[in-house]
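Going by full-length UniProt numbering, the residue at position 267 of the sequence shown is 267; the numbering climbs one at a time, nothing skipped.
No residue lacks a Cβ here, since even glycine has one placed at the ideal position from N, Cα and C.
This one's a predicted model, so the numbers in the text were calculated from it and none came from an experiment.
Data block below; observations after.
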Amino acid sequence: MSALDIVSTWPVNTAAVAVVDAKGVRDRTGPDVALPWASVTKLLTALTVLVAVDRGDVTLDEPAGPEGATVRHLLAHTSGVAFDDDSRMAAPGRKRVYSNRGFELLADFVLTRTGGTFAELMTESVLRPLGMGGTRLAGSPAAGAIGPVSDLALLGQELLDPTLAPDLMAEATTVQFPGVSGVLPGFGRQDPNDWGLGFEIRDGKQPHWTGSRNSPATFGHFGRTGTFLWVDPRARLAVGCLTDRDFGDWAAEVWPALSDAVLAEHRPEAP
């Protein structure tokens with residue numbers, strides 16, 4: 001019995017899950033159809049921005065977004081800008097205020113240096129180099145990607161063994177502004193609420209959408225449309241999931257169980 005057999009018991013009509021290592025897909029279940037990624041889009045946007053930094057188009061610590069904030073603040077959800085508008089909820093660097101608007105401001109800022117549209121930049125910088133031909137940005141850089149699980153698996157493979165802006169990935173998956181607290185959507189207040197440069201970092205968060213076997217170094221993102229991608233660099237595994245049911249209590253229950261089952265099967269010695 002495969003760990004992915006659990007997915008057939010989920011209360012969803014459509015679910016596609018892939019288990020990935022640095023060489024490719026180890027196991028997969030469900031149809032390879034394009035589904036909305038919601039906030040998992042932020043991983044693509046973060047990687048697009050990191051490529052722009054790597055190319056010298058922008059720098060992490062130059063001013064961007066609300067007064068006093070930088071590119072780094074926007075990527076790390078510490079700019080203080082509200083979730084979906086330009087309201088200021090805190091001074092930069094003081095609180096982890098999860099913000100879709102912050103990622104939109106970030107994309108707009110990068111375009112002042114590169115020109116074009118952010119969808120074009122994402123395609124040129126990330127999607128095409130990684131062979132993610134089934135994925136497109138159809139809306140906000142914070143939540144507008146649509147694509148199949150095979151492409152999500154390619155993203156997971158890239159994050160396990162970076163080829164795009166590789167020198168920046170260690171920094172991007174290291175806690176930015178340590179000790180900052182905030183609300184992890186769907187899981188309540190976390191103190192600290194650790195985040196990298198666009199990548200949520202598991203560390204000691206409880207409750208959490210990953211499993212108890214996931215290492216504290218695990219990073220990734222989940223989305224409102226019942227989607228997630230986590231990458232555990234210690235286990236050398238990534239798991240990507242797309243569904244057709246919005247995130248809710250069902251997901252908070254079954255996702256950690258799936259993660260633990262995958263790690264037990266593919267890396268029995270995982271902590």
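With DSSP collapsed to three states, give me the class of residue i.
i: W209; result: coil
i: Q176; result: coil
i: T45; result: helix
i: E62; result: coil
i: L130; result: coil
i: G156; result: helix
i: residue 274; result: Here the chain has residues from 1 to 271 only, and residue 274 is not among them.
i: G139; result: coil
i: R72; result: helix
i: A238; result: strand
i: P148; result: coil
i: L164; result: coil
i: P271; result: Because the pLDDT at P271 is just 42, under 50, the model does not fix this residue reliably, and the value given afterwards should be weighed accordingly. Correct three-state label for P271: coil.
i: L197; result: coil
i: R94; result: coil
i: V12; result: coil
i: V40; result: helix
Output the boundary residues of the alpha helix (DSSP H) element that contains residue i.
i: H266; result: D249 to H266
i: A18; result: Counting along the chain, A18 falls outside any alpha helix (DSSP H), though it belongs to the beta strand (DSSP E) covering A15 to D21.
i: G102; result: N100 to T114
i: L121; result: F118 to M122
Do you know whose CA, among the options, lies nearest residue i's CA?
i: D85; options: F103, R245 and T123; result: F103
i: L155; options: R113, A172 and P129; result: P129
i: G196; options: K95, L75, E120 and V58; result: L75
i: T14; options: L106, D194, T135 and T243; result: T243
i: T29; options: V49, R101 and S2; result: S2
i: G223; options: K95, W37, V71 and L111; result: W37
i: A257; options: R213, A143, T225 and D151; result: R213
i: L159; options: S181, D32, L121 and G24; result: G24
i: E124; options: A52, N100 and I6; result: A52
i: L127; options: P148, G115 and R113; result: P148
i: L44; options: F199, M89 and V19; result: F199
i: R245; options: D260, L237, V239 and V254; result: V254
i: S259; options: V19, T225 and R113; result: V19
i: R202; options: D191, P216 and G211; result: P216
When we look at the beta-carbon of residue i and count the other beta-carbons within 10 Å, is it buried (16 or more) or exposed?
i: A170; result: exposed
i: T9; result: exposed
i: R234; result: exposed
i: A270; result: Note that A270 scores a pLDDT of 40, beneath 50, so its modelled location is shaky and nothing firm can be said.
i: P185; result: exposed
i: P141; result: buried
i: S181; result: exposed
i: R189; result: exposed
i: R101; result: buried
i: A238; result: buried
Assuming residue i is part of the beta strand (DSSP E), what are its boundary residues?
i: V25; result: G24 to T29
i: L229; result: T227 to D232
i: R189; result: G188 to Q190
i: F83; result: Careful: F83 lies outside any beta strand (DSSP E) and carries neither H nor E.
i: H221; result: F219 to G223
i: G182; result: G182 to L184
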